[in-house]
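Numbering (our numbering), first residue to last: 60 to 380.
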């Protein structure tokens with residue numbers, strides 16, 4: 060999915076029309092997962108009805124660029140749960156020139172140079188890797204509010220993979236189906252964590268998920284000396300698959316690989332983001348993602364024997380960090 064405005068999939072033309080025709084003084088550009096839904100809920104607790112764009116990480120630079128070239132008229136462009144990407148400081152400078160006031164709240168890891176390049180163009184830049192983006196928004200926008208704090212706690216439980224509150228798994232899985240983002244967001248605005256509709260959606264997902272995870276575990280390949288590293292093909296639900304592999308096999312690092320070479324990595328040691336950066340990605344210390352550059356032979360071998368040359372490369376990176 061590229062982007063969504065209030066639950067509708069959109070084209071660039073739709074986005075331009077929505078941004079230009081906004082009737083409120085704040086535009087929220089955020090990711091497209093549970094943390095984004097939580098951050099948007101907190102924004103709405105504070106400001107009431109606002110304009111929201113849910114974006115994939117891949118589409119973020121182009122959507123940010125589109126917004127930057129439209130008149131800001133002194134309005135706030137609030138960005139949350141989206142990290143630094145090359146060149147965003149130029150886009151931010153253009154946005155400010157066109158009348159936007161940028162507030163950016165994120166919990167991914169940024170390098171010092173990236174922060175220094177962007178900070179002059181933001182009225183607020185709040186980065187905190189210890190919590191989720193929803194918690195950052197709650198601290199800034201709704202300090203001391205119990206409802207916002209509870210929403211943030213549940214969202215962080217899922218996003219930071221704490222696995223302490225079973226309700227967070229339910230919400231995390233339901234929002235992976237992006238058509239449910241706005242429903243969950245609206246529920247969280249009201250301080251409700253779950254309801255019958257969400258539970259029914261989750262029950263259907265859970266049955267499918269258990270079957271997919273079982274298939275991935277049966278095809279696990281174990282590598283590594285310093286760390287016990289599991290590679291498994293993705294059949295669905297990367298985070299839950301990694302968690303199940305760790306429980307079953309006692310692994311240190313789990314790499315869940317899709318057929319096109321994109322992978323999700325989870326780790327007990329705080330190295331996921333460092334490994335992912337070597338493969339064109341990034342993320343959090345214990346959860347990140349990247350891409351293996353698969354050629355035709357790589358795709359074939361991965362399909363046939365669930366192995367390929369890139370696994371050795373990742374192991375080498377992991378064990379020399």
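The beta-carbon is built from N, C-alpha and C at its ideal position, and this holds for glycine as well.
Determine, using beta-carbon pairs with one atom in the stretch 211-218 and one in the stretch 189-202, whether at least three such pairs fall under 8 Å.
yes
Collapsed DSSP secondary structure at residue 261 in the structure displayed
helix
Taking DSSP's pairing of strands, which residues face residue 198 in a bridge?
Paired residue(s): none; residue 198 is not in a bridge.
Measuring straight from C-alpha to C-alpha, what distance separates residue 319 and residue 277?
20 Å
Whole-Å CB distance - residue 165 paired with residue 140, under 8 Å assumed:
6 Å
Cβ atoms of residue 291 and residue 312: under 8 Å apart, would you say?
no
Given 8 Å, three or more beta-carbon pairs between the stretch 259-271 and the stretch 232-240
yes
Taking the C-alpha atoms as reference points, what is the distance between residue 94 and residue 130?
28 Å
Uninterrupted alpha helix (DSSP H) stretches inside the stretch 295-336 (no shorter than 4 residues):
297-308, 331-336
Can you tell me whether DSSP reads residue 109 as helix, strand or coil?
coil
Exposed or buried, residue 362, counting other C-beta atoms within 10 Å across all chains shown (16 or more means buried)?
exposed
Alpha-carbon spacing of residue 77 relative to residue 126, whole angstroms
10 Å
Output yes or no for whether 8 Å exceeds the beta carbon distance between residue 192 and residue 201.
no
Let me confirm a value: residue 259 is counted as buried when at least 16 other C-beta atoms fall within 10 Å, else exposed. Which label applies?
exposed
Which two residues bound the contiguous alpha helix (DSSP H) that contains residue 73?
71-79
Is the distance from the Cβ of residue 151 to the Cβ of residue 177 below 8 Å?
yes
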